[in-house]
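**Q** For reference, the structure I am asking about is given below.
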Amino acid sequence: MNWGWFHKLASPPHAYRIAGRLLPWFAWPAGILLVIGLYGGLVLAPADYLQGDAFRIVYVHAPGAWLSMSVYATMAAGAAIGLIWRIKLAHAVAAAAAPVGASFTVLALATGAIWGKPTWGTWWVWDARLTSELILLFLYAGVMALRASIDDRDRADRASAVLAIVGVVNLPIIHYSVYWWNTLHQPSTLTKVAKPSMAAEMLWPLLVMLLAFTLFFAAVLLARLRAEILLRERNASWLRTELAR
Amino acid sequence: MSEFLRMGGYAAYVWSCFGLAAGVLAWNVLSARRLHAIARESAIRRTAAGRGPP
Chain A
1 MNWGWFHKLA SPPHAYRIAG RLLPWFAWPA GILLVIGLYG GLVLAPADYL QGDAFRIVYV
61 HAPGAWLSMS VYATMAAGAA IGLIWRIKLA HAVAAAAAPV GASFTVLALA TGAIWGKPTW
121 GTWWVWDARL TSELILLFLY AGVMALRASI DDRDRADRAS AVLAIVGVVN LPIIHYSVYW
181 WNTLHQPSTL TKVAKPSMAA EMLWPLLVML LAFTLFFAAV LLARLRAEIL LRERNASWLR
241 TELAR
Chain B
1001 MSEFLRMGGY AAYVWSCFGL AAGVLAWNVL SARRLHAIAR ESAIRRTAAG RGPP
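Now the structure itself:
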């Protein structure tokens, strides 16, 4: 197989330009779907027969929780590729993803606590789902702090990559925590095998919001990746022409 | 409209969550833009490409 295209894609000037060209194709659909999802979730979906209107928190809580984990997987994949094949662009992806994932983990934890108060009667319990999600936030913080504490960029890339990869063990723990242990947290609304445990008029805004948040993450990742490439690039010739525009 | 804003008595919970979500999304947009501006500045300094004719 010819890997020439791959090395071309992974070269900083190409990645910088391609990321810039792709960015609006994620950002605009994300914005449009966000508006549709919000209208569907806040206005069109009926109130839940048990939770009333409090259930609407799911439309920001679930996308936040979904991204908290999928951004971590993205970061760890970038870290692994960077570590194994020594592709600097992959380390740049990992560095770009970390603060984004941390912000969505904060969103998932905060909206979860606010949702817990009216439905469970408590802001917080130290059960498996909530504790493992809090550990996820600490993992993000650890990866970012480790990167920031090492001045040499290559060493910072490798050290934070190892921590990011080790932390992957937490992802299945978060996902299966509601099945493995007793918890207040409800099990997944959406699974691949079973029919979703939600009425269609409640479900479609959730799917739209999940897609909107995912596209939003892709757009932010591309924007941050472009910044990372500029910060890391030492080859002045393409930078000069790029910055002169 | 006021019925919609009341959220069946859960207004404080629902709107604080959606407000937080808006805040996180806005922070992501602004911080990504800021990082790009900082990176551009530092790249211009490194290559001195930004300097026009005197």
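Read top to bottom, the protein sequences are chains A and B. Oh and the first sequence: position 156 is 156 in my numbering, straight run, nothing missing. Oh and the second sequence: position 29 is 1029 in my numbering, straight run, nothing missing. Backbone N, C-alpha and C define an ideal beta-carbon position, used for all residues, glycine too. Since the model is a prediction, treat every value here as computed from it, not as a measurement.
Using the DSSP secondary-structure output, state which residues sit across from A/D48 in a beta bridge.
**A** Walking along the first sequence from the start, residue 48 of chain A turns up at place 48. Beta-bridge pairing links A/D48 to A/G52.
**Q** Excluding the five sequence neighbours on either side, which residues of its own chain have a C-beta within less than 6 Å of the C-beta of A/M144, listed in chain order?
**A** On the first sequence, residue 144 of chain A is found 144 positions in, with the first residue counted as 1. Contacts found: A98.
**Q** How many angstroms separate the CA atom of B/G1050 from the CA atom of B/E1041?
**A** By one-based count along the second sequence, residue 1050 of chain B stands at place 50. By one-based count along the second sequence, residue 1041 of chain B stands at place 41. Residue placement at B/G1050 is poorly supported in this model, since its pLDDT is 48, which falls under 50; the coordinates still yield a value, given next. Spanning the two alpha carbons is a distance of roughly 9 Å.
**Q** Does A/I57 come within less than 7 Å of chain B when only Cβ atoms are used?
**A** For the purposes of this step, residue 57 of chain A is taken as the residue at position 57 of the first sequence. Yes, because at least one Cβ of chain B sits closer than 7 Å to the Cβ of A/I57.
**Q** Tell me the start and end of each unbroken beta strand (DSSP E) in the stretch 107–155 of chain A that is at least 3 residues and wholly inside, in chain order.
**A** none
**Q** So if I threshold CB-CB distances at 8 Å, which residues from the stretch 148–164 of chain A count as touching chain B?
**A** none
**Q** Taking only beta-carbon atoms, is B/C1030 less than 7 Å away from chain A?
**A** Locating residue 1030 of chain B in the second sequence gives position 30, counting from the first residue. Before going on, a small fix: residue 1030 of chain B reads as Leu here, not Cys. Not one chain A Cβ lies under 7 Å of B/L1030.
**Q** In three-state DSSP terms, what is A/M198?
**A** Here the question's residue 198 of chain A lines up with position 198 in the first sequence. Three-state result, A/M198: coil.
**Q** Ordered along the chain, which non-local residues of its own chain (more than five positions away) have a Cβ less than 7 Å from that of A/V208?
**A** Numbered from its first residue, the first sequence carries residue 208 of chain A at position 208. Cβ neighbours of A/V208 beyond the five flanking positions: L33, I36, G37, G40.
**Q** Does the stretch 67–87 of chain A touch the stretch 117–125 of chain A, meaning 3 or more C-beta pairs lie closer than 8 Å?
**A** Note that the stretch 117–125 of chain A does not touch the stretch 67–87 of chain A; fewer than 3 beta-carbon pairs, one per stretch, sit closer than 8 Å.
**Q** Quick check: A/G112 and B/G1008, are their CB atoms within less than 7 Å of each other?
**A** Along the first sequence, one-based indexing puts residue 112 of chain A at 112. Along the second sequence, one-based indexing puts residue 1008 of chain B at 8. Contact flag unset, no.
**Q** For the structure I just gave you, are there three or more beta carbon pairs, one from the stretch 148–163 of chain A and one from the stretch 198–208 of chain A, closer than 8 Å?
**A** no
**Q** Tell me which residues share the same chain as A/L171 and place their Cβ nearer than 6 Å to its Cβ, disregarding the 5 neighbours each side in the sequence.
**A** By 1-based counting over the first sequence, the position of residue 171 of chain A is 171. Answer for A/L171: M69, listed in chain order.
**Q** Quick one: is A/R224 buried, meaning 16 or more other Cβ sit within 10 Å of its Cβ, or exposed?
**A** To locate residue 224 of chain A, count along the first sequence from 1; it is residue 224. By the neighbour-count criterion, in which a residue is buried when 16 or more other Cβ atoms sit within 10 angstroms of its Cβ, A/R224 is buried.
**Q** Determine, using beta carbons only, whether B/L1005 comes closer than 7 Å to chain A.
**A** Translated into positions along the second sequence, residue 1005 of chain B becomes position 5. So, not an interface residue.
**Q** Establish whether the CB of A/R86 and some CB of chain B are separated by less than 7 Å.
**A** If you number the first sequence from 1, residue 86 of chain A lands on position 86. No, because no Cβ of chain B sits closer than 7 Å to the Cβ of A/R86.
**Q** So what's A/T189 in DSSP terms, helix, strand or just coil?
**A** On the first sequence, residue 189 of chain A is found 189 positions in, with the first residue counted as 1. Looking at A/T189 - three-state DSSP - the assignment turns out to be coil, as it is neither helix nor strand.
**Q** I want to know whether the stretch 160–167 of chain A touches the stretch 210–225 of chain A - three or more CB-CB distances under 8 Å.
**A** no
**Q** Taking all protein chains shown into account, decide if A/A45 is buried (16 or more other Cβ within 10 angstroms of its Cβ) or exposed.
**A** Translated into positions along the first sequence, residue 45 of chain A becomes position 45. Under this definition A/A45 is a buried residue.
**Q** Note down, in chain order, every chain B residue with its Cβ under 8 Å from the Cβ of A/F216.
**A** Stepping through the first sequence from its first residue, residue 216 of chain A is reached at position 216. Under the 8 Å cutoff, chain B gives L1025, N1028.
**Q** One question on the structure: do B/L1035 and A/A227 come within less than 7 Å of each other, judged by their Cβ atoms?
**A** To locate residue 1035 of chain B, count along the second sequence from 1; it is residue 35. To locate residue 227 of chain A, count along the first sequence from 1; it is residue 227. Yes, they are a contact pair.
**Q** Answer yes or no: do A/R56 and B/V1014 have a C-beta to C-beta separation smaller than 7 Å?
**A** The residue given as residue 56 of chain A occupies position 56 in the first sequence. The residue given as residue 1014 of chain B occupies position 14 in the second sequence. Yes, Cβ-Cβ distance for A/R56 and B/V1014 is below 7 Å.
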